[in-house]
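For reference, the structure is listed below as structure tokens.
Residue numbers (our numbering): 2 to 287.
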């Protein structure tokens with residue numbers, strides 16, 4: 002029954018958005034001492050660039066945003082940001098508000114989904130471990146870390162992109178290079194499979210009046226990561242209200258939940274605080 006509900010709500014996910022947030026830039030970014038192969042490389046391209054990469058014989062595109070003041074001698078967090086169903090990479094960049102939150106302190110990747118139905122405009126993600134979109138993550142991760150100085154990797158997504166983020170953590174979670182260290186899922190759900198990755202820090206944001214993806218999908222994601230991180234059931238309030246953090250999680254792990262009352266997009270929109278809250282968790286993830 003749980004799998005059937007999972008399939009049903011994924012089919013309903015869309016890329017609807019509220020207005021982009023006015024998130025303040027926070028320069029207190031965590032820097033890894035050890036970086037990727039791209040550290041020290043000359044001639045790196047900065048700014049927003051759409052790239053094409055071949056994955057499994059198929060041309061895939063993604064939008065890469067590198068700080069204008071990029072310095073190849075320091076490591077940067079790498080953030081994957083996944084759009085909702087029928088969405089686009091450019092659309093996600095427009096309304097997620099990630100750039101306003103991270104400033105010049107992270108490299109952000111906005112993957113472009115392929116159609117998941119007979120309708121070419123019905124873009125989305127394949128959530129299985131051997132699927133094309135986990136492979137896309139692997140390929141882009143390798144390409145970016147080979148050319149840029151990258152430390153830690155994080156993932157966030159909205160709606161169907163939230164499902165993709167949870168699936169990615171399920172199969173690629175961990176602290177080793179190339180693994181996802183922490184995630185933020187907004188109005189999503191899942192994972193809908195047995196996880197093979199290590200536990201991750203997680204921020205789950207879900208509208209209590211969401212009429213597209215039921216609130217129970219968000220609480221289900223929360224409970225998955227809370228259990229994986231061996232957290233307790235008691236919580237402490239965190240900023241912004243009404244977000245909470247769970248007590249007693251395993252060392253180095255943090256699970257947070259925000260059940261909010263914003264009503265944009267029938268409760269399914271992008272909350273005004275989402276990008277800032279996600280960036281705060283990413284910075285605090287050791």
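Ideal Cβ positions, reconstructed from N, Cα and C, are used throughout, including at glycine.
- On the three-state DSSP scale, how would you describe residue 145? Reduced to three states, the DSSP call for residue 145 is helix.
- Where residue 135 sits in the DSSP three-state scheme: Here residue 135 sits in helix by DSSP.
- Rounded to whole angstroms, what's the CA-CA distance from residue 241 to residue 137? Just pull it up for me. Cα to Cα, residue 241 sits roughly 33 Å from residue 137.
- Measure the alpha-carbon distance for residue 269 versus residue 170 and round it to whole angstroms. Taking the straight line joining both Cα atoms gives about 22 Å.
- Message: Under DSSP, the beta strand (DSSP E) around residue 222 begins and ends at which residues?
- Response: First-last for residue 222: 216-229, but that is the alpha helix (DSSP H), not the beta strand (DSSP E).
- Query: Nearest CA to the CA of residue 146: which residue from 161, 110, 157?
  - Reply: Nearest to residue 146 by alpha-carbon distance, out of 161, 110, 157, is 110.
- Message: For the pair the region 244-253 and the region 211-219, tell me if three or more CB-CB distances fall below 8 Å.
- Response: No: fewer than three Cβ pairs fall under 8 Å.
- Query: Counting Cβ pairs, one atom from each stretch, are 3 or more of them under 8 Å apart for the region 79-88 and the region 100-110?
  - Reply: At 8 Å Cβ cutoff, the stretches touch.
- Query: Is residue 63 near residue 102, with beta carbons less than 8 Å apart?
  - Reply: With a cutoff of 8 Å on beta-carbon distance, residue 63 and residue 102 are scored as not near each other.
- Message: For a test of the three-state rule: what should DSSP assign to residue 27, helix, strand or coil?
- Response: Bear in mind that the predicted position of residue 27 carries a pLDDT of just 37, short of 50, making it unreliable; the figure below should be weighed with that in mind. Coil at residue 27, not helix or strand.
- Query: For residue 184, which of 114, 281, 149 has the nearest alpha-carbon?
  - Reply: That would be 281, whose Cα lies nearest to the Cα of residue 184.
- Item | Per DSSP, cross-strand counterpart(s) of residue 260 | The partner list for residue 260 (beta bridge, DSSP) reads 207.
- Item | Alpha-carbon spacing of residue 87 relative to residue 96, whole angstroms | Here the alpha carbons of residue 96 and residue 87 stand approximately 14 Å from one another.
- Task: Select from 257, 43, 152, 235 the residue whose C-alpha is nearest the C-alpha of residue 177.
- Result: Nearest option by C-alpha distance: 152.
- Task: Check residue 32 in the structure and name its three-state DSSP category.
- Result: Any reading at residue 32 needs caution, since the residue's pLDDT is 43, under 50, leaving its predicted position unreliable; the model's value is listed next. In the structure shown, residue 32 adopts coil according to DSSP, grouped into three states.
- Distance, residue 46 Cα to residue 168 Cα: Taking C-alpha positions only, residue 168 is separated from residue 46 by approximately 30 Å.
- What three-state label does DSSP hand residue 165 in the structure shown? Helix.
- Query: Mind checking whether residue 186 and residue 254 have CB atoms under 8 Å apart?
  - Reply: Not closer than 8 Å, so no.
- Task: Identify, in the order they occur along the chain, each residue of the same chain with its Cβ nearer than 8 Å to the Cβ of residue 209, setting aside the five sequence neighbours on each side.
- Result: Excluding sequence neighbours, residue 209 sits near 216, 260, 261, 262, 268.
- residue 41 to residue 285, Cα distance in whole Å? Just so you know, the alpha carbons of residue 41 and residue 285 end up roughly 26 Å apart.
- Message: Restricting to Cα atoms, I'd like to know which of 68, 93, 195 is closest to residue 128.
- Response: Minimum Cα distance to residue 128 is reached at 195.
- Message: Less than 6 Å between C-beta atoms, sequence neighbours within five positions excluded: which residues of the same chain meet that for residue 22?
- Response: Residue placement at residue 22 is flagged as unreliable, the pLDDT there being 36, under the threshold of 50; the coordinate-derived value follows with that caveat. Excluding sequence neighbours, residue 22 sits near 98, 273, 276.
- Item | Residue from 133, 70, 140 whose Cα sits closest to the Cα of residue 165 | Residue 133 is the option with its Cα nearest to residue 165.
- Buried or exposed: where does residue 237 fall if 16 or more other Cβ atoms within 10 Å of its Cβ makes it buried? Looking at its Cβ environment, which holds fewer than 16 other Cβ atoms inside 10 Å, residue 237 is exposed.
- Could you tell me the boundaries of the alpha helix (DSSP H) in which residue 95 lies? Segment 90-97, the alpha helix (DSSP H) holding residue 95.
- At which residues does the alpha helix (DSSP H) containing residue 82 begin and terminate? From DSSP, residue 82 is part of no alpha helix (DSSP H) but of the beta strand (DSSP E) over 77-83.
- Item | Extent of the continuous alpha helix (DSSP H) run through residue 277 | Here the alpha helix (DSSP H) through residue 277 covers 275-285.
- With residue 161 and residue 126 assumed to form a contact (beta carbons below 8 Å), what rounded beta-carbon distance in angstroms separates them? Going by Cβ atoms, the distance from residue 161 to residue 126 rounds to 6 Å, so yes, they are a contact pair.
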